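S.K.: Encoded as structure tokens, here's the structure I'll be asking about.
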Amino acid sequence: YIEVPSEHFSCVDALAQRQAGFERSTGDVVVFQHDDHMFLPPDYYELSIGMSPGWGTPAYKQIDVLVPARYTRLRDVNGERLYNGEDRFPFSGSPDVPYISGHCAIYRREVLEACPWGNVEEQFTWDIRHTEQIRDAGFKIEWSDALRAWDVEAGAAPW
């Protein structure tokens with residue numbers, strides 16, 4: 001394991017790592033998360049949204065990408081909510097379309113087959129570009145506070 005400071009970690013590295021990971025995956029559901037994020041407890045998917053190959057509950061069966069809420073405990077042991085794009089899609093002018101944060105998201109395999117990471121423009125805001133590709137391909141994106149990712153990086157800051 002080699003730690004790379006975030007200011008030196010390029011979008012090219014992030015996109016290549018995600019594409020390589022996806023190509024090696026075999027499941028119908030793919031989870032991408034930064035290595036400094038975690039879900040608690042280990043069975044949190046089942047506890048929070050009843051996740052299964054059909055995504056469990058009827059409300060989730062129509063969702064193609066699920067973006068969890070993002071929290072940290074670095075300044076408050078009870079947890080502090082961090083911004084994760086839930087209230088608007090940045091720069092799109094469309095408040096109804098959630099943004100798929102690069103921090104953590106759960107995808108159906110067919111989404112990443114249709115919109116691979118390798119086709120994302122190599123720029124700092126790559127997660128916004130990937131969200132646009134997914135949205136334009138007609139996939140449904142949803143944000144949910146029912147699933148939480150815990151950010152443990154030192155620089156995590158609230159909105």
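The letter at position 159 of the sequence shown is residue 159 when you use full-length UniProt numbering, and the numbering goes up by one with no holes.
The C-beta atom is built at its ideal place from N, Cα and C for all residues, glycine as well.
Predicted model, so just to flag it, every value in this text is computed and none were measured.
Taking DSSP as the reference, what is the three-state secondary structure of residue 133?
M.R.: In the sequence shown, the residue the question calls residue 133 occupies position 133. Helix at residue 133.
S.K.: Determine the closest residue to residue 164 out of 66, 23, 21 and 31, with distance taken between C-alpha atoms.
M.R.: Nothing about residue 164 can be reported from this structure: the residues present for the chain run from 1 to 159 only.
S.K.: Do residue 100 and residue 127 come within 8 Å of each other at the CB atom, strictly closer than that value?
M.R.: For the purposes of this step, residue 127 is taken as residue 127 along the sequence shown, with counting starting at 1. For the purposes of this step, residue 100 is taken as residue 100 along the sequence shown, with counting starting at 1. Yes, these two residues count as a Cβ contact at 8 Å.
S.K.: Can you tell me whether residue 151 is buried or exposed, with buried defined as 16 or more other CB within 10 angstroms of its CB?
M.R.: Looking up residue 151 in the sequence shown gives position 151. Result: buried.
S.K.: For residue 160, collect the residues of the same chain with a Cβ closer than 8 Å to its Cβ; drop the 5 residues on either side in sequence, then sort them by chain order.
M.R.: Given that the chain is displayed from residue 1 to residue 159, the structure contains no residue 160 and the question cannot be resolved.
S.K.: To the nearest angstrom, report how far apart residue 16 and residue 119 are at their CA atoms.
M.R.: Walking along the sequence shown from the start, residue 16 turns up at place 16. Walking along the sequence shown from the start, residue 119 turns up at place 119. Using only the alpha carbons, I get a separation of about 10 Å.
S.K.: Note down the Cα distance separating residue 20 from residue 132, rounded to an integer number of angstroms.
M.R.: By one-based count along the sequence shown, residue 20 stands at place 20. By one-based count along the sequence shown, residue 132 stands at place 132. The straight-line gap from Cα to Cα measures roughly 21 Å.
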